[in-house]
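The block underneath contains the structure these notes are about, expressed in structure tokens.
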Amino acid sequence: MKLTIQVNEGPYQHQSSDSAYNFTKAALEKGHEIFRVFFYHDGVNNGTRLTTPPQDDRNIVERWSALAKEHDLDMVVCVAAAQRRGIVDEGEAERNGKDATNIADGFRISGLGQLVEGAINSDRLVVFGD
Amino acid sequence: MAMLHLVNKSPFDGCNLNTAATVMKGGDELLLIEDGVYGAMKNSKGAALLDGLKVSVLGPDLAARGIPEDRLVDGATVVDYAGFVDLVEANDKVQSWL
Amino acid sequence: MSETKKFMYLNRKAPYGTIYAWESLEVVLIGAAFEQDVSLAFLDDGVFQLTKGQDTKGIGMKNFSPTYAALGDYEVTKIYVEKESLEERGLTIDDLQHLVWEDEDEDWAEKDSIRLVSRSELADVLAEQDVLFNF
């Protein structure tokens, strides 16, 4: 089964990102293919490398990065949502005159078309949100 | 073509479980995750909505909330994340009632 | 290009209190370029997105409601509005924007985009879809 996962909420505020991560991991363990994980709305905040969560709790951003690295996942942060919320890579910093970048490893910023394309090319779209 | 319905909110927090339960058609399945698992508790508001529906509940979310499986409505199946994945595969599409 | 899929964008949240209504519309607009078979559904508090006369000056937010009127230009011709949701909220179809599309096969005749459906009819429509978007 080819899956596209959509994550609508940021880390810690809602359980959405956790549920999406646990689901994605389980799907990979069962041998399914993850076409894309698409972060929308506040979900783009999963893509900042600047979080410092407490040591005794899960590190949501880093474990997404690690999962992406282990399984070569395509994790996309929506550009429009990212611009609104301040998730920035080199290209966005240059285009919009920002003096810093904060995108985490394994995430890339791209357009909403990536979500639509994911839905077209996958067998299932699974949305996690509020 | 059967649908998997996901509800992640308690029935006391908005209308998601109610809308899902009243839109579900024969053959569809309901999976309660996150705070949605409270909807499957026996003798509570959610229980009445689930009558006649094929209901699964995500075990890890139940355990996290300290709800033992024997407090669930009769007929509810407890699944883990692997079971969640299987439910997605077994149905044609997923409707997340957010 | 892969097969055309039936895309349904569900809208269940009121506008302005949260961003979901606007950001879901942005997906619909971008998605139009992919030429799939698109429908929108408005139910529960989502029906409030379509009310006429939205004036956001006092709250300092952008009024995005004119975008619904443009959906016809993006070839969105099927907009399902659920009757029960309207009734529960004391609304009628006259409280909503009159959304239309122009049928080029009929000399650009203007046609209504909104289809009023019962919950049970909406369930049948949802069952026919390939992909369900929720925000």
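Protein chains in written order, with this note's numbering: chain A, 1 to 130; chain B, 1 to 98; chain C, 1 to 135.
Even glycine gets a Cβ: it sits at the ideal position worked out from N, Cα and C.
As the structure is a prediction and not an experimental result, all values here were calculated from the model.
Using a Cβ-Cβ cut-off of 8 Å (strictly less than) and excluding sequence neighbours within five positions of V79 of chain B, which residues of its own chain qualify?
-> L31, S56, V57, L58, G59, D86, L87
Residue range of the alpha helix (DSSP H) that I30 of chain C falls in?
-> 20-31
DSSP beta-bridge partners for I34 of chain A?
-> A:L3
For D56 of chain A, does the count of other Cβ atoms within 10 angstroms reach 16, so buried, or fall short, so exposed?
-> exposed
Take the Cβ of K30 of chain A as the centre, count every other Cβ of all protein chains shown within 10 Å, and call the residue buried at 16 or more, exposed below.
-> exposed
Rounded separation between S17 of chain A and K25 of chain A - CA only | 12 Å
E82 of chain C to V117 of chain C, Cα distance in whole Å?
-> 5 Å
May I ask you to report which of helix, strand or coil DSSP gives Q114 of chain A?
-> helix
Could you give the C-beta distance for D130 of chain A and N8 of chain A, rounded to a whole number, given that I count them as a contact under 8 Å?
-> 7 Å
Proximal residues of chain C, C-beta to C-beta of L30 of chain B below 7 Å | In chain order: nothing, as chain C lies at least about 14 Å away.
Starting from the C-beta of A90 of chain B, find all residues in its chain whose C-beta is less than 7 Å away, skip the five residues before and the five after it, and write them out in chain order.
-> none
Euclidean distance between Cα positions of A69 of chain C and Y40 of chain A | 24 Å
Could you check if N8 of chain B is buried or exposed, using at least 16 other CB atoms within 10 Å of its CB as the buried criterion?
-> buried
Report back the beta-carbon spacing between M24 of chain B and A127 of chain C to the nearest angstrom; my notes put them in contact at under 8 Å.
-> No, M24 of chain B and A127 of chain C are not in contact; Cβ-Cβ is about 10 Å, not under 8 Å.
Could you please give the first and the last residue of the uninterrupted beta strand (DSSP E) stretch that includes T111 of chain B?
-> Here chain B comprises residues numbered 1 to 98, so residue 111 of chain B is not present and cannot be evaluated.
Which first and last residues belong to the alpha helix (DSSP H) in which W108 of chain C is found?
-> Taken as a continuous stretch (DSSP letters only), W108 of chain C belongs to no alpha helix (DSSP H), as it is neither H nor E.
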